[in-house]
Each structure stands twice: as C-alpha cells, then as structure tokens.
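Residue numbers (my numbering): 10 to 386.
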Ligand code: PHE
C-alpha cells in the first residue's frame, strides 16, 4: 500500500455562494494553509510557502479574492467579503507568528518583525577576565601555598589596637605618621585602642592569626589596604598587600632570606637576584627592605646605551618589607618570646603587577577601562 499523497491545495471556483458553501471553502483553505505551514520547515520551503500564500500577483489570497469575492452575486457579497477578510487576517497573523521558525521546523515565537536570520553573527558575550590585581595576588598566594602556608583574612575596618598597638606602634609614636591613616569619624569617645580606622597594611592579620593559632604558624594574608595618599601614577589610596608570617621554634633570618629569594624567583624568573637592605618597622627587628635585581636591565643599571629608567641606574628595585618578628609583638598574643621566633613580610600587589606586566600607571588598575582589563583575559 502506498502512502496517501495529497495534491496541493488549489483555490476552487465557487458556484454555490450560500453560507454553508462559503464556510466549507473557508475551512478547507485554513486547513490547507496550516498543513503547508507545518511542512515549511526549511528556509527555502518557508520562502516558497510564504510567497505562495501572500504574493500579490497570483498568491492564494489574491486568487481567493478574485475567485470568491469578485464573482459573488450581489446578495452574497457581504458575507463572502467577511469570510475572505477573516481568512486574510488568519493567514497574515499565522505567518507573522511563524517568522520565528528555524531550520528543521523548530517552532519559536517570532519576537521581531523579521524572521530569524540564522546567518547573522550572534550576540557576543565576552568572557570575564580575572582582574590583574586579583590575578597577581592569587599568583603570590599560590607561591606560598606551595610552601605549605595557609591563607588568612582580616577586616578592612580595623581597630587602632590591631593596626598599630599590638604591632608595637606605641601611642603618638612617629612611626604611625608613616602610615597616612584614614580614620573613621566620631571615634573620640572610645579608648584609643578601640577606635576604628581603615587598615593601612595587612599586618594586623598577623596578630589576628597568632591570637587564633599556636605555633607553628605559616600564613599568608592577602587583602585591600587604605592610605591617605593622593592618587598619581605610583600612588593609590586603595591598594593591596600580601602579608606573610612564619613562627616556629628556631626560625632564623636565613629562613626569611631563603623563603623570599625563592618567592621572588618564582614570581619574576629564576635569574632574578635578591638583596636585603636594612630598614625599620616597629613590629620586626631586625627589619629589611627586599630589593630584586632590575628585571628591565638585568641588574646592569644601564639599557639601550643609557641609564635604566626603571631602577634609576642602580640595578635594583625595592619591592617589599620584612623582618624577624619583634619579641614585643609576641607579648600581645601570648606567645613565649623565649621559645619561638619567626619572620614576617609584606608586599604591595599592584607594585608587583606593575613590574610583571609593564604597567606604567597604577590608576589603570582602578579605572575599570575594559581595553586595559581585557588584556589580562
Ligand atoms: N606592613 C608593612 C608596610 O605596609 C610591611 C611589612 C610587613 C614589613 C611585614 C615587615 C613585615 O609597610
């Protein structure tokens, strides 16, 4: 048995214009239209189908108009006109609704006026990229995680106690002035140590970590810090640091040097050298600034036949502060300064990112310009 194949719908000439005959013709036309619509499931078939029904010249609707309406006897004209209009509306509405059909007959409701053009390029949704500061911060943290350090965080709004007092900054000590602190207003009624401020460094997380755990301690503390600095190419009132703290028995300055030398090589490449330059921080003794050999001139101090601008011809770039934890600090966290020793360090994330990626203005990290940020994707 062969499957029934129906021949395509042709507009019948009407002889009978009675209400019944008109309705029957209308229903047949609608059925034929609906069936053809379902089969118009490719781009090409859709175009043929649409033209077949809608073409002004000899389209099915035009034919119906000519064959049913124009030839209707006077007394049936009104009713024939109504039915032809109804059919026209039905056909137009279904065609506009079906404009959302795509290949394969998947029906989607038409949203726009035009049928979906699947050859147009799609809306591109750019993938987000890690912000260069966060990317660098994660990289630094990763280096220390690999050495067995765990990650600790602390609040950005700190008390004077954690930001200063427990870190061995006595009240009114001039070292406090070096921190350009932003204080929270209306705190004067509280005792000094409880007054709130925006933390000027991540070092308060050293204290919070030691309060929480007993030695051995090995933590890194990444985070945002604030200082009352006017923004320019090298300063920003908001920036980021990664703090490090290791406390155990028998930790020496050699451990500090070895650890930071390794970290700098991991971050900037194995040919980079480090040097420890005497410095001062109230919470470390002795203290040092760590310099790395200039990554732009290879430590030579000159480049392209002239002095290296990046290291001011010195061959060294200062990168971070560090030192052996001052025994006074252990007093604040109930560690036995006679039994334990340790080191701490703090590095500026933007500063490291600037060097790693050759960025010439720290403000670029905070302006949110996608043309800058997308380069780190
Ligand atoms: N907190 C110091 C600063 O921001 C850096 C530092 C951290 C120095 C740890 C020594 C030890 O300047």
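Where is the CB? At the ideal position from N, CA and C, for every residue including glycine.
Remark: the C-beta of residue 250 is in contact range of the ligand PHE, defined as less than 7 angstroms to any heavy atom. When DSSP assignments are scanned along the region 22–68, the uninterrupted stretches of alpha helix (DSSP H) that are 4 or more residues long and fall wholly within it turn out to be 28–48, 52–63. The beta-carbon separation of residue 89 and residue 77, rounded to 5 angstroms, stays under the 8 angstroms limit for a contact. As computed with DSSP, residue 138 is found in no beta bridge at all. Counted as a single uninterrupted DSSP element, the beta strand (DSSP E) harbouring residue 329 occupies residues 325–334. Judged by their CB atoms, residue 277 and residue 330 are not nearer to each other than the 8 angstroms cut-off.
Per DSSP, residue 208 is not a residue of any alpha helix (DSSP H), being assigned neither H nor E. The C-alpha of residue 168 is placed about 30 angstroms away from the C-alpha of residue 268. Nearest Cα to residue 91 within the set 279, 133, 31, 265: 31. Looking at the DSSP output, residue 284 bridges to 300. Restricting attention to 126, 94, 296, 261, the CA atom closest to the CA of residue 75 is found in 94. Exclusion of residue 218 from the 7 angstroms shell around the ligand PHE follows from its C-beta lying no nearer than that to any non-hydrogen atom of the ligand. Residue 272 has its CB no nearer than 7 angstroms to any heavy atom of the ligand PHE. Not one heavy atom of the ligand PHE sits closer than 7 angstroms to the Cβ of residue 163. In this model, residue 50 and residue 41 are separated by some 16 angstroms (Cα to Cα).
Check the Cα spacing between residue 353 and each of 79, 194, 317, 263: the tightest is with 263.
DSSP, reduced to helix, strand and coil, places residue 353 within a strand of the structure shown. Residue pairing from DSSP leaves residue 260 without any beta-bridge partner. Runs of the beta strand (DSSP E) lying entirely within the region 178–253 and spanning at least 3 residues, in chain order: 205–207, 226–235.
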